[in-house]
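Only one structure is covered here, and it is reproduced in the block below.
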Amino acid sequence: MSPRQEAPGGVFETPADRASAPQVSFEFFPPKSAAMKQRLWETIERLEPLGPRFISVTCGAGGSASGAEPTYETVCRIGSETSLNTTAHLTIAGATRDDIDAIASRYWRAGIRRVVALRGDLPEGIGCYQPHPQGYAYAADLVEGLKKIGDFEVNVAAYPEVHPDAPSAGFDLDNLKRKLDAGATRAITQFFFGTDVFLRFLDRARAAGIEAPIVPGIMPVVKFATIAQFSAKCGTSVPDWLARLFDGLDDDPATHRLVAATVAAEQCLRLREAGVNEFHFYTMNRADLTLAVCHMLGIRPAVTSA
Ligand SMILES: Cc1cc2nc3c(=O)[nH]c(=O)nc-3n(C[C@H](O)[C@H](O)[C@H](O)COP(=O)(O)OP(=O)(O)OC[C@H]3O[C@@H](n4cnc5c(N)ncnc54)[C@H](O)[C@@H]3O)c2cc1C
Numbered sequence: 112m113s114p115r116q117e118a119p120g121g122v123f124e125t126p127a128d129r130a131s132a133p134q135v136s137f138e139f140f141p142p143k144s145a146a147m148k149q150r151l152w153e154t155i156e157r158l159e160p161l162g163p164r165f166i167s168v169t170c171g172a173g174g175s176a177s178g179a180e181p182t183y184e185t186v187c188r189i190g191s192e193t194s195l196n197t198t199a200h201l202t203i204a205g206a207t208r209d210d211i212d213a214i215a216s217r218y219w220r221a222g223i224r225r226v227v228a229l230r231g232d233l234p235e236g237i238g239c240y241q242p243h244p245q246g247y248a249y250a251a252d253l254v255e256g257l258k259k260i261g262d263f264e265v266n267v268a269a270y271p272e273v274h275p276d277a278p279s280a281g282f283d284l285d286n287l288k289r290k291l292d293a294g295a296t297r298a299i300t301q302f303f304f305g306t307d308v309f310l311r312f313l314d315r316a317r318a319a320g321i322e323a324p325i326v327p328g329i330m331p332v333v334k335f336a337t338i339a340q341f342s343a344k345c346g347t348s349v350p351d352w353l354a355r356l357f358d359g360l361d362d363d364p365a366t367h368r369l370v371a372a373t374v375a376a377e378q379c380l381r382l383r384e385a386g387v388n389e390f391h392f393y394t395m396n397r398a399d400l401t402l403a404v405c406h407m408l409g410i411r412p413a414v415t416s417a
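Using our numbering, the letters of the sequence shown correspond one by one to residues 112 to 417.
This is how it looks when you write it as structure tokens:
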């Protein structure tokens, strides 16, 4: 009998769950309007008590042309107004090396010591990535450049289903190795559904000699149609069973939320059973699903004595 079947709590409790709650990190994006700002801060207020290992703020994600400034402002504000460890995403697409070095130096001077070093999404309509002639060409080059500016703790991206621009899975894995060899110490994955995709990738990475932590990126399905669109762009496959689960729920947000929380919790619990003890949540600046999944993972607000 497997530990899962023996556990009195069924899917919600395994020996690993009882031993200790996993570590988590939360990803936000910089708000673009006053209403979005308010939502972000409400989300932070609700998630901060869970004591994440860190939170991170994206930079120009989805190909937005907003640049690094909104990320800088959001990271610094969260850093100064909360107890959270902040992490800045830094992207190179469309920017010169001087501009990137300047923003990295500002982060260092502001006391931000952790970054996610990325190539960056391409703006809508740009089919094929071309490195900026005066820029860093790929994320591995950025990692190397960052290490010359300060001893940042550098996280990088990894792709369980292979990055769409990579000529092969082997090339993509070598690329991850290059990023780690250049000084990154941790990888966070693109989101995926199910568990086998991640576990197979982890096996391949370990077999290739990659020993750094590889943290699964978890995307609770805030809105199935939107997530399906994101998935198509970034090469994440959407299994039929997932589409069937959300079928008919477009106009029923309450049931959609319940199903989404169940799906993400089940994914994390199965990964947990396979020995994974850290998760990175793409929160989409919303607290409820991430909060529910963390709760089911045994993560509770820290109790402070009066
Ligand atoms: C955790 C996480 C956070 C993210 N945050 C953001 C964000 O804040 N903002 C944003 O815009 N996007 C973000 N993204 C998306 C990311 O920027 C895109 O997936 C982007 O297309 C690739 O970024 P990368 O850092 O993995 O690039 P790279 O590691 O540079 O790889 C990009 C592609 O180039 C290939 N490649 C690498 N080196 C070479 C070479 N020398 N010659 C030819 N090909 C090469 C790789 O195999 C891969 O296919 C995030 C992704 C993840 C997983």
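Each residue gets a CB set at the ideal place from its N, CA and C atoms; glycine is no exception.
Fill in: Close beta carbons around V273, own chain, < 7 Å, minus the five adjacent residues each side
A280, D283 and G346
Worksheet item: CB G256 to CB A221, shorter than 9 Å?
Response: no
Worksheet item: Can you tell me the Cα-Cα spacing of R115 and A376, whole angstroms?
Response: Here R115 scores only 48 on pLDDT, less than 50, and its place in the model is too uncertain to base an answer on.
Fill in: Cα-Cα separation, E384 to V168
29 Å
Discussion item. Which same chain residues end up closer than 7 Å to C187 when comparing Cβ atoms and leaving out the 5 residues on each side of it in sequence?
Written reply: These residues qualify, in order along the chain: A221.
Worksheet item: Expressed to the nearest angstrom, what Euclidean distance is found between the alpha-carbon atoms of D232 and V374?
Response: 27 Å
Worksheet item: My guess is that P160 and A372 are in contact by the Cβ rule of under 8 Å, so how many angstroms apart are they, rounded?
Response: Going by Cβ atoms, the distance from P160 to A372 rounds to 18 Å, so no, they are not a contact pair.
Discussion item. Using 9 Å as the threshold, is the C-beta distance between L253 and L229 below it?
Written reply: yes
Item to complete: Evaluate M407 with the Cβ neighbour count: other Cβ atoms within 10 Å of its Cβ, from every protein chain shown; 16 or more gives buried, anything less gives exposed.
Response: buried
Item to complete: Using only the heavy atoms of ligand 1, determine whether one of them is closer than 8 Å to the beta carbon of Y183.
Response: No.
Fill in: Check: Q241 C-beta below 8 Å from any heavy atom of ligand 1
no
Practice prompt. For I166, count neighbouring Cβ atoms within 10 angstroms of its own Cβ and tell me buried if that reaches 16, exposed if not.
Written response: buried
Worksheet item: Which same chain residues, not among the five before or five after A398, have their C-beta less than 6 Å away from its C-beta?
Response: T154, R157 and L158
Item to complete: Report yes if the C-beta of A319 is less than 8 Å from at least one heavy atom of ligand 1; otherwise report no.
Response: no
Worksheet item: Applying the criterion that 16 or more other CB atoms from any shown protein chain within 10 Å of the CB defines a buried residue, is E184 buried or exposed?
Response: So E184 counts as exposed.
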